[in-house]
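Protein chains in written order, with the working numbering: chain A, 189 to 509; chain B, 1228 to 1581.
The beta-carbon is built from N, C-alpha and C at its ideal position, and this holds for glycine as well.
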């Protein structure tokens, strides 16, 4: 019960945060000298009527604060306006957000599956050649610019023809059976996942190694050993649990970093995700789309942090609720 | 501080990293002299020329002064592509420390000598040319000046802001603290790269390159201050309970004076570590931004905007020399990371035991 109350309280706390985020984003975007309807005006397929409606909805002739109020009102109603192509922003976002979530979730899952054991092993074999090699490899992983790595992998894909370049699905995706559909998506995901995985694995492995070394050095682990517990039990029952807890807090940050890193990777691989959407929107100065995707990015980040906090109370009873 | 430097020189990796960075910065400092061409030199008839081949053994198999051939463009009737072939009819000998294109060393001293140039009407493109027929090697040197300093400049803007914001928030506490921290958290809640591209995109066009450079520095600084301010606030919360703060208060020191003169200096070692650790991320941010075309603009060079050409398939497959800026970014970031790791180890006594 206490946990539920805490979760409820944390969810309530995100509301003022989202409001401030929206104010900041709104004013940054309004600072730009660009006419928000310029692209729409140039598009011949958009009728005069729609233009009029948009101008009215955004309240362009009114002061900025009123404009913000109008924007917030229609945002809460779920009306995010239209893109410069005349499509609905909400439809566009619905199409892109799951793709970005899929990418980040797969990457986080893989980094945890691989990074945690590697961190433990490196800590147990501390200062062995294995540990040294891993340290060098993770340094390299952290130093390579994501977009450059993506470009290199692209060369590889084009040269070998082993991987499809761009998109998330093949053109004949709709005609496939379920299993080949999953295979097709996995095939397309492989390269972007490899880039993001390499970059975030390095950080996680290092963190896990450092935590594990700290814990192995602590008194209760020495005591457990002195008591004659098997090494397996010492490590996997006592040490591991305490070493993983700080990583759960990091999960939120990892998610944030991935959202940012994914933007460039999505751009290079032409992956239909939120990051590429916002980039294209920025380049076209498509204000509605920029504003909405900024809010969605922030909401995803806040939700990620929230999730990490909730996970932490479940795994670590010491956290005050 | 002395101990830190000693430890740095003891560590093999850190020592190598320092040497590499030293060489890079020395090369960038001497860029005008080392580069065979000036930043704005371009030969439109020589777009995408492959790297010049330098020969030291002549056609008779005898050792000779280093020389090179020019490339000529030829249409290959079989592959239907434009190709560059060596024009073996005319040799061009390399000249060292000879007079070449005039430049101003460090923007002040007019000079003409270059480390290496080639005889008149010869062309020396050590790393090939880009779409505008500009020498990639020379532009790497000039671009490095921007890429390798922008991170430091951003930090010098960001740190005072973060220190003051965190200091005020932590020192006064209460409602001001809550409000200020909520604001900082909100800034942190926007995925940083999204914020970066949006800020960069609202920069008005038609600025001079210096103005744009300064604004990019400010934007980079605007991304990182919030996280830094939060950590500083945490430290200030504990520092402000110490006796010397009470003492300063009792002799009537103003609040701002206490924060700036007495509290913030206590965070120095943290600030140094945080700075060395965050330089690489700013180098990466700038290159990412310029890669997208939102950062440093043509005709100025930066490693990021030079890589912009690598976005095209034909370029990355047939003209691999255009990828060289990426390797330099990688080497520089790796070197900064290795130094950062060592500094962290030295300043954290717990990790030293290991």
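Per-residue DSSP class, three states only, for residue 353 (chain A): For this step, residue 353 (chain A) is matched to residue 165 along the first chain. In this structure, residue 353 (chain A) counts as coil in the three-state DSSP scheme.
Helix or strand or just coil, what does DSSP make of residue 1579 (chain B)? Counting from one through the second chain, the residue named residue 1579 (chain B) turns up at place 352. Interpretation of residue 1579 (chain B) is limited by its pLDDT of 44, a score under 50 that renders its predicted location unreliable; the figure taken from the coordinates is listed afterwards. The answer is helix: DSSP assigns residue 1579 (chain B) an H, G or I state.
Per DSSP, residue 1301 (chain B) is paired with what? Along the second chain, read from residue 1 onward, the residue named residue 1301 (chain B) stands at position 74. B:1310.
Give a yes or no on whether the minimum CB-CB distance between residue 333 (chain A) and chain B is below 7 Å. Reading the first chain from its first residue, position 145 is the one you call residue 333 (chain A). True, the Cβ-Cβ gap to chain B drops below 7 Å.
Residues of the region 1332-1355 of chain B whose Cβ lies closer than 9 Å to any Cβ of chain A, in chain order: Listed by position along the chain: nothing, the set is empty.
CB residue 359 (chain A) to CB residue 376 (chain A), shorter than 7 Å? The count along the first chain starts at 1 and reaches residue 359 (chain A) at position 171. The count along the first chain starts at 1 and reaches residue 376 (chain A) at position 188. For residue 359 (chain A) and residue 376 (chain A), no; Cβs fall outside 7 Å.
For residue 1243 (chain B) and residue 1286 (chain B), what's the separation of their Cα atoms in angstroms? Reading the second chain from its first residue, position 16 is the one you call residue 1243 (chain B). Reading the second chain from its first residue, position 59 is the one you call residue 1286 (chain B). Each residue's Cα considered, the two are about 40 Å apart.
Give the straight-line distance between the Cα atoms of residue 491 (chain A) and residue 1526 (chain B), rounded to the nearest whole angstrom. In the first chain, the residue the question calls residue 491 (chain A) occupies position 303. In the second chain, the residue the question calls residue 1526 (chain B) occupies position 299. When rounded, the separation of the alpha-carbon atoms in residue 491 (chain A) and residue 1526 (chain B) is 42 Å.
Residue nearest to residue 1353 (chain B) in terms of C-alpha spacing, selected from B:1478, B:1434, B:1511 and B:1282: Position 126 of the second chain, counted from the start, is the residue given in the question as residue 1353 (chain B). Nearest of B:1478, B:1434, B:1511 and B:1282 to residue 1353 (chain B), Cα basis: B:1282.
Residue 1275 (chain B) (DSSP reduced to helix, strand or coil): Taking the second chain and counting its residues from 1, the one referred to as residue 1275 (chain B) is at position 48. Note: residue 1275 (chain B) maps to coil in three-state DSSP.
Residue range of the alpha helix (DSSP H) that includes residue 347 (chain A): As a position in the first chain, residue 347 (chain A) is number 159, starting the count at 1. Note, residue 347 (chain A): alpha helix (DSSP H), 334-348.
Distance cutoff 7 Å, beta carbons only. Does residue 279 (chain A) sit that close to anything in chain B? Here the question's residue 279 (chain A) lines up with position 91 in the first chain. Output row for residue 279 (chain A): interface = no.
Just to make sure I have the definition right: I need the residues of chain A whose C-beta is within less than 7 Å of the C-beta of residue 1534 (chain B). Which are they? Residue numbering aside, residue 1534 (chain B) sits at position 307 when the second chain is read from its first letter. Within 7 Å Cβ-Cβ: 336.
Give the DSSP bridge partners of residue 1325 (chain B), in chain order. Position 98 of the second chain holds residue 1325 (chain B). Under DSSP, residue 1325 (chain B) takes part in a beta bridge, and its partners are B:1341.
Quick test of the definition: if touching needs 3 or more C-beta pairs under 8 Å, does the region 1264-1282 of chain B touch the region 1293-1308 of chain B? Judged by pairs of C-beta atoms under 8 Å, the region 1264-1282 of chain B touches the region 1293-1308 of chain B, as three or more such pairs exist.
Who are the Cβ neighbours of residue 339 (chain A) in its own chain at under 8 Å, not counting the five residues just before and after it? Translated into positions along the first chain, residue 339 (chain A) becomes position 151. So the qualifying residues of the chain are 456.
So which residues on chain B does residue 570 (chain A) lean against when the C-beta distance must stay under 8 Å? Absent from the model: residue 570 (chain A). The displayed extent of chain A is 189 to 509, so no value can be given.
So, at 8 Å on beta carbons, what are the nonlocal neighbours of residue 354 (chain A) in its own chain, with the 5 sequence-adjacent residues on each side left out? Taking the first residue of the first chain as 1, we reach residue 354 (chain A) at position 166. Within the same chain, residue 354 (chain A) has close Cβ partners 457, 458 and 459.
Between which two residues does the beta strand (DSSP E) carrying residue 1352 (chain B) extend? The count along the second chain starts at 1 and reaches residue 1352 (chain B) at position 125. Bounds of any beta strand (DSSP E) do not take in residue 1352 (chain B), whose DSSP letter is neither H nor E.
Helix, strand or coil for residue 218 (chain A)? Go by DSSP, reduced to three states. Position 30 of the first chain, counted from the first residue, corresponds to residue 218 (chain A). Residue state, collapsed to three classes: helix.
Amino acids of chain A, ordered along the chain, whose beta-carbon sits closer than 7 Å to that of residue 1511 (chain B): Stepping through the second chain from its first residue, residue 1511 (chain B) is reached at position 284. Correct list: 333.
Could you tell me whether the Cβ atoms of residue 452 (chain A) and residue 335 (chain A) are closer together than 7 Å? As a working mapping, residue 452 (chain A) is identified with position 264 in the first chain. As a working mapping, residue 335 (chain A) is identified with position 147 in the first chain. Their beta carbons are under 7 Å apart, which means residue 452 (chain A) touches residue 335 (chain A) by this criterion.
Note down the Cα distance separating residue 1321 (chain B) from residue 1348 (chain B), rounded to an integer number of angstroms. Within the second chain, residue 1321 (chain B) is the residue found at index 94, counting from 1. Within the second chain, residue 1348 (chain B) is the residue found at index 121, counting from 1. Across the structure, residue 1321 (chain B) and residue 1348 (chain B) are spaced so that their CA atoms are roughly 12 Å apart.
Would you report the Cα separation of residue 286 (chain A) and residue 381 (chain A), rounded to the nearest angstrom? Along the first chain, one-based indexing puts residue 286 (chain A) at 98. Along the first chain, one-based indexing puts residue 381 (chain A) at 193. About 15 Å.
Assign residue 305 (chain A) to buried or exposed, taking buried as 16 or more other Cβ atoms, counted over all protein chains shown, within 10 Å of its Cβ. Position 117 of the first chain holds residue 305 (chain A). Its Cβ having fewer than 16 others within 10 Å, residue 305 (chain A) is exposed.
Anything in chain A within Cβ reach of residue 1515 (chain B), meaning under 8 Å, just list it in chain order. Numbered from 1 along the second chain, position 288 holds the residue referred to as residue 1515 (chain B). Contact annotation for residue 1515 (chain B) against chain A: 333, 334, 335 and 452 [CB-CB distance below 8 Å, chain order].
Interface partners of residue 370 (chain A) on chain B, CB under 8 Å: The residue given as residue 370 (chain A) occupies position 182 in the first chain. Within chain B, not a single residue places a beta-carbon under 8 Å from that of residue 370 (chain A); the smallest gap is close to 28 Å.
Close-in-space but distant-in-sequence residues of the same chain around residue 1400 (chain B) (CB under 8 Å, 5 per side omitted): Position 173 of the second chain, counted from the start, is the residue given in the question as residue 1400 (chain B). These residues qualify, in order along the chain: 1464.
Quick check on residue 495 (chain A) - is its C-beta less than 7 Å from some C-beta in chain B? Here residue 495 (chain A) is taken as the residue at index 307 of the first chain, counted from 1. Interface residue (Cβ-Cβ distance to chain B less than 7 Å): residue 495 (chain A) is not classified as such.
Can you grab the Cα-Cα spacing for the pair residue 1581 (chain B) / residue 394 (chain A), in whole Å? By 1-based counting over the second chain, the position of residue 1581 (chain B) is 354. By 1-based counting over the first chain, the position of residue 394 (chain A) is 206. Residue confidence for residue 1581 (chain B) is low, a pLDDT of 43 falling below 50, so the modelled location carries little weight; the figure read from the coordinates is stated next. Taking the straight line from one Cα to the other gives about 15 Å.
Among A:444, A:435, A:494 and A:498, nearest to residue 482 (chain A) - alpha-carbon criterion: Walking along the first chain from the start, residue 482 (chain A) turns up at place 294. It is A:444 whose Cα lies nearest to the Cα of residue 482 (chain A).
Within 10 angstroms of its Cβ, does residue 1471 (chain B) collect 16 or more other Cβ (buried), or is it exposed? The sequence position of residue 1471 (chain B) within the second chain is 244, counting from 1. With fewer than 16 other Cβ atoms inside 10 Å of its own Cβ, residue 1471 (chain B) counts as exposed.
Would you be able to state if there are at least three C-beta pairs under 8 Å between the region 1554-1565 of chain B and the region 1404-1415 of chain B? Touching, no.
Using only the alpha-carbon positions, how far apart do residue 1579 (chain B) and residue 310 (chain A) sit? Position 352 of the second chain holds residue 1579 (chain B). Position 122 of the first chain holds residue 310 (chain A). Because the pLDDT at residue 1579 (chain B) is just 44, under 50, the model does not fix this residue reliably, and the value given afterwards should be weighed accordingly. Rounded to the nearest angstrom, the two C-alpha atoms are 17 Å apart.
Given a cut-off of 7 Å on the beta-carbon distance, is the pair residue 1466 (chain B) and residue 1438 (chain B) in contact? Working through the second chain from its first residue, we reach residue 1466 (chain B) at position 239. Working through the second chain from its first residue, we reach residue 1438 (chain B) at position 211. Not in contact: residue 1466 (chain B) and residue 1438 (chain B) (Cβ atoms no closer than 7 Å).
Would you please verify whether the beta carbon of residue 1553 (chain B) is less than 7 Å from any beta carbon of chain A? Residue 1553 (chain B) sits at position 326 when you count from the first residue of the second chain. Yes, residue 1553 (chain B) lies at the interface with chain A (some Cβ there is under 7 Å from its Cβ).
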